[in-house]
Amino acid sequence: MPDFRLFLCGLSGLLALGASTALAAPQAPDTALARELAMTAGQYAPDTGLFEKGPLATRLRQELGARYATFLSNMEVAGPLQPAGDLLFITGNRQHEGGSRIAWLLTDRQGVNMTVGILDPGRLDLLTTGPTPLTKPADIRAMLENMGVVAPLCNPAQDLAPGRRLHWHARMGQDRTCIYRVGLHRGEQVTARLEPASSGLDMRVIDPHPATAMTGPVQSWYVPEDDLYLVQVTQRPQAKAAGPRAFSLSISARP
Numbered sequence: 006m007p008d009f010r011l012f013l014c015g016l017s018g019l020l021a022l023g024a025s026t027a028l029a030a031p032q033a034p035d036t037a038l039a040r041e042l043a044m045t046a047g048q049y050a051p052d053t054g055l056f057e058k059g060p061l062a063t064r065l066r067q068e069l070g071a072r073y074a075t076f077l078s079n080m081e082v083a084g085p086l087q088p089a090g091d092l093l094f095i096t097g098n099r100q101h102e103g104g105s106r107i108a109w110l111l112t113d114r115q116g117v118n119m120t121v122g123i124l125d126p127g128r129l130d131l132l133t134t135g136p137t138p139l140t141k142p143a144d145i146r147a148m149l150e151n152m153g154v155v156a157p158l159c160n161p162a163q164d165l166a167p168g169r170r171l172h173w174h175a176r177m178g179q180d181r182t183c184i185y186r187v188g189l190h191r192g193e194q195v196t197a198r199l200e201p202a203s204s205g206l207d208m209r210v211i212d213p214h215p216a217t218a219m220t221g222p223v224q225s226w227y228v229p230e231d232d233l234y235l236v237q238v239t240q241r242p243q244a245k246a247a248g249p250r251a252f253s254l255s256i257s258a259r260p
């Protein structure tokens, strides 16, 4: 398996789970997976058995565990495996629940760098493999932008033009997680600031995942391509017993 990260952001009743990550050592590209992706590009998954058998299904079943069944349910109504330059992607939703239960898969043609997303009311799961962040095609961005403000999503998707700033004030309930959707543009230098620094909260850019890990209440990064970024704020495990926390999050961009 390539380098792999799994983020879990969930809500159970009125309680949201935090994020957890797991890493696996990089390995050589899976040539069988690359061949499978090449053969199934442009086709619908049910017609090829893409999620039922073969290298991709085996990997997803292993890494998603119990959430694999949810991934399949959220791919009940799905498009074909579509090409987007050097990438392939597929999007789907649960029948009659396209506004609340969705899934997507984005991969390079070798299957080395990959993102799998599962979004249900109160819960987001992100599986990422490989060292290179992947830029979401317009179809995936639009699907995420069109989702309502339902936990764990805490804002309507907002665009951040160069020279501008977005600012939010919120109160983090015990075990809550907030994910903010921000459209960023190629060439921007972006700074995200979480205050107060001693709030007992953590901030993380979870998609596209940074090439190098970023931590701390102030984080800066360069935007290589237009994309919808997902920025997560969650309570640190040791701070959960302290109750709700007020915080502010600001994200600014300069050319």
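My numbering puts the first residue of the sequence shown at 6, with every later residue one more than the last.
We put the beta carbon where it would ideally sit given N, CA and C, even for glycine.
Open item on the list: Please report the distance separating the alpha-carbon of E57 from that of R66.
Closed with: What you label residue 57 is simply residue 52 of the sequence shown in a count that begins at 1. What you label residue 66 is simply residue 61 of the sequence shown in a count that begins at 1. Near 9 Å, if we compare the C-alpha coordinates of R66 and E57.
TODO: Work out the CA separation of D91 and G192 for me, nearest whole Å.
DONE: Position 187 of the sequence shown, counted from the start, is the residue given in the question as residue 192. Position 86 of the sequence shown, counted from the start, is the residue given in the question as residue 91. Spanning the two alpha carbons is a distance of roughly 21 Å.
Task: R250 classed as buried or exposed, judged by whether at least 16 other C-beta atoms fall within 10 angstroms - done: Taking the sequence shown and counting its residues from 1, the one referred to as residue 250 is at position 245. Around the beta carbon of R250, 16 or more other beta carbons lie within 10 angstroms, which makes this residue buried.
- [ ] Determine contact between the region 136 to 147 and the region 113 to 121, defined as no fewer than three beta-carbon pairs at a distance below 8 Å.
- [x] Yes, since at least three Cβ pairs between the region 136 to 147 and the region 113 to 121 fall closer than 8 Å, the two stretches touch.
- [ ] With a 10 Å radius around its C-beta and 16 neighbouring C-beta atoms as the bar for buried, classify D232 as buried or exposed.
- [x] One-based indexing of the sequence shown puts residue 232 at position 227. By the neighbour-count definition (other C-beta atoms within 10 Å, threshold 16), D232 is a buried residue.
Task: Environment of A29 [buried if 16+ CB atoms lie within 10 Å] - done: Here the question's residue 29 lines up with position 24 in the sequence shown. Legend: pLDDT at A29 = 38, less than 50; position of this residue unreliable, no value from coordinates given.
- [ ] Tell me whether D231 sits in a helix, a strand or coil according to DSSP, three-state version.
- [x] Position 226 of the sequence shown, counting from 1, holds the residue named residue 231. Taken through DSSP and simplified to helix, strand or coil, D231 comes out as coil.
Open item on the list: Going by C-alpha to C-alpha distance, which of I145, L55, P201 sits closest to T186?
Closed with: Looking up residue 186 in the sequence shown gives position 181. Note that residue 186 is Arg in the sequence shown here, rather than Thr. Closest option to R186, Cα to Cα, is I145.
Task: At least three beta-carbon pairs within less than 8 Å, the region 212 to 221 to the region 150 to 168 - done: The region 212 to 221, when compared against the region 150 to 168, does not touch it at the 8 Å Cβ threshold.
Task: Pick from M148, H172, T75, A37 that is closest to P60, judged by C-alpha positions - done: For this step, residue 60 is matched to residue 55 along the sequence shown. Of M148, H172, T75, A37, the smallest CA-CA separation from P60 is found for A37.
- [ ] Express the C-alpha separation of E230 and L132 in angstroms, rounding to a whole number.
- [x] For the purposes of this step, residue 132 is identified with residue 127 of the sequence shown, where counting begins at 1. For the purposes of this step, residue 230 is identified with residue 225 of the sequence shown, where counting begins at 1. So the two alpha carbons sit approximately 21 Å from each other.
Task: Pairwise C-alpha distance: Q87 and S204 - done: Counting from 1 along the sequence shown, the entry for residue 204 is found at position 199. Counting from 1 along the sequence shown, the entry for residue 87 is found at position 82. Roughly 43 Å between the two C-alpha positions.
- [ ] Take every Cβ of the region 99 to 117, pair it with every Cβ of the region 37 to 49, and state whether three or more of those distances are shorter than 8 Å.
- [x] Note that the region 99 to 117 touches the region 37 to 49; at least 3 beta-carbon pairs, one per stretch, sit closer than 8 Å.
- [ ] Find the nearest neighbour of L77 within the set I256, A43, L124, judged by alpha-carbon distance.
- [x] Counted from its first residue, the sequence shown places residue 77 at position 72. Selection I256, A43, L124 evaluated against L77 yields L124 as nearest (Cα-Cα).
Open item on the list: Rounded to whole angstroms, what is the Cα-Cα separation between L158 and D52?
Closed with: Here residue 158 refers to the residue found at position 153 of the sequence shown. Here residue 52 refers to the residue found at position 47 of the sequence shown. For the pair L158 and D52, the Cα-to-Cα distance works out to about 33 Å.
TODO: Following the continuous alpha helix (DSSP H) through F76, name the residue where it begins and the one where it ends.
DONE: Within the sequence shown, the letter at position 71 stands for residue 76. First-last of the alpha helix (DSSP H) with F76: 72 to 79.
TODO: Measure the alpha-carbon distance for T75 versus G97 and round it to whole angstroms.
DONE: For the purposes of this step, residue 75 is taken as residue 70 along the sequence shown, with counting starting at 1. For the purposes of this step, residue 97 is taken as residue 92 along the sequence shown, with counting starting at 1. In this model, T75 and G97 are separated by some 12 Å (Cα to Cα).
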